[in-house]
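Going by UniProt numbering, 288 is the number at position 288 of the sequence shown; the sequence numbering is gapless.
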Amino acid sequence: MSRWLFGSRKSGTQQSASVYNDVKAGLQTMYRKHLLPLESDFKFQQFYSPLLTDGDFAAKPMVMVLGQYSTGKTTFVQHLLERDYPGLRIGPEPTTDKFVAIMEGPMDQVIPGNTAVVDPTKPFSQLSNFGNIFLQRFECSMLPCVVLNGLTLIDTPGVLSGNKQTSRGYDFEAVVQWFAERVDLILLIFDAHKLDISDEFRRCIHALRGNDTKIRIVLNKADMVSYQQLMRVYGALMWSLGKVISSPEVARVYIGSFWNNPLQNDENRKLFEAEANDLYSDIARVPRDAAIRKLNDFIKRARLAKVNK
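Spelled out as structure tokens, the structure:
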């Protein structure tokens with residue numbers, strides 16, 4: 001999949017990277033010279049979001065995968081990379097118990113959270129504000145992969161449901177909100193057999209407010225139901241989401257089975273292939289549109305700082 005996702009657009013991707021680097025350098029200079037003094041004088045970080053660091057400007061575009069446990073989040077990332085990433089665990093139980101930043105590197109390597117947040121080349125220094133317990137549940141997974149040339153993937157712990165909900169020892173929703181403000185795309189993964197939205201997942205979705213344009217819905221494992229059942233599942237998903245997503249605009253929903261195994265039900269093969277192509281194209285646009293989104297976020301931040309003044 002990565003061959004056609006990025007290979008056929010190699011020249012365009014290189015040109016986009018050049019434009020992104022130029023815009024990034026310009027915005028970084030403007031922020032240091034004009035916006036940072038204003039934010040510091042009026043304590044902007046206490047009312048809205050923390051001050052930006054050099055790592056925030058140097059970071060590649062990011063895609064966050066969020067969902068309840070055992071919905072196929074980590075398997076989706078594995079499918080996207082076409083290989084396992086260091087530290088990967090897959091199972092029917094809540095196996096991913098950490099926030100994992102999957103980044104390009106020269107070799108397979110796992111960097112613990114306490115080390116990652118002090119690395120000035122990475123945009124995670126502000127995560128130290130969430131405490132040592134969180135940093136024990138955060139790590140960077142480095143690996144050589146063509147998909148990671150232009151973006152970083154964020155795999156998240158499975159959101160618990162019902163009586164399984166216990167204290168994590170850190171503010172899970174605040175961490176989700178921190179990532180949501182910085183990523184370029186948010187994929188909410190749902191299992192076709194588990195459409196219930198737990199209280200914790202509801203709070204996570206509420207934490208995404210203000211970033212509605214970044215959200216995409218992925219209905220995973222859809223090959224395990226028939227055509228008629230899929231219609232009912234889709235309707236039930238829309239009904240459930242309508243009660244937790246306050247935006248009047250309809251979020252884009254992708255339907256399919258995103259893993260490396262053959263489809264269990266061929267009845268909807270053409271639909272799944274078309275939906276998968278659309279999703280991969282959406283992800284492929286992230287590096288190309290990174291400069292525009294970075295500029296848009298900078299302007300939005302400048303307006304907030306002006307209002308705070």
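Yeah, the Cβ is synthetic: ideal placement off N, Cα and C, and Gly gets one too.
Source: prediction; values computed, not measured.
In the three-state reduction of the DSSP assignment, Glu139 falls in the strand class. Straight through space, the alpha carbons of Tyr254 and Ile215 are spaced by roughly 11 Å. The beta carbon of Leu27 is closer than 6 Å to those of Phe298 in its chain, skipping five residues each way along the sequence.
Annotation note: the region 139-199 contains the following uninterrupted alpha helix (DSSP H) runs of length 4 or greater, listed N- to C-terminal: 172-182.
The beta carbons of Leu151 and Pro287 sit closer together than 7 Å.
A straight line joining the alpha-carbon of Thr71 with that of Lys270 spans about 22 Å.
Leaving aside the five residues that flank Ala59 on each side, the residues in its chain whose CB is nearer than 6 Å to its CB run, in chain order, Pro123. Take the alpha-carbon of Asn129 and the one of Arg83: they are about 33 Å apart.
Shown here, Ala290 sits in a helix according to DSSP, grouped into three states.
DSSP links Gly55 through a beta bridge to no other residue. Contact annotation: the region 288-295 does not touch the region 237-251, with fewer than three C-beta pairs closer than 8 Å.
Three or more Cβ pairs closer than 8 Å define a contact, and the region 198-218 falls short of that threshold against the region 98-118. Secondary structure at Val225: coil, using DSSP grouped into helix, strand and coil. CA-CA distance, Leu135 to Glu267, rounds to 45 Å. An exposed status is given to Trp239, since fewer than 16 other beta-carbon atoms sit within 10 Å of its beta-carbon.
With contacts defined by Cβ atoms closer than 7 Å, Gly158 and Tyr69 form a contacting pair.
Three or more Cβ pairs drawn from the region 188-204 and the region 223-236 lie within less than 8 Å of each other, which places the two stretches in contact. According to DSSP, Met231 shares a beta bridge with no other residue. A Cβ-Cβ contact shorter than 7 Å links Gly87 with Ser141. In chain order, Ala222, Asp223, Ile255, Gly256, Ser257 and Leu263 place their CB closer than 8 Å to the CB of Phe272, counting only its own chain and leaving out the 5 sequence neighbours on each side.
CA-to-CA, the gap between Pro106 and Tyr85 works out to about 13 Å. For Val77, there is no enclosing beta strand (DSSP E); the enclosing alpha helix (DSSP H) covers residues Lys73 to Leu81.
The three-state secondary structure of Gly131, taken from DSSP, is coil. Counting along the chain, Gly67 sits inside the beta strand (DSSP E) bounded by residues Met62 to Gly67. Per DSSP, Ala116 is one residue of the alpha helix (DSSP H) stretching across Gly113 to Ala116. Looking only at Phe179, His34 and Ser167, the smallest Cα-Cα distance to Arg209 is reached by Phe179.
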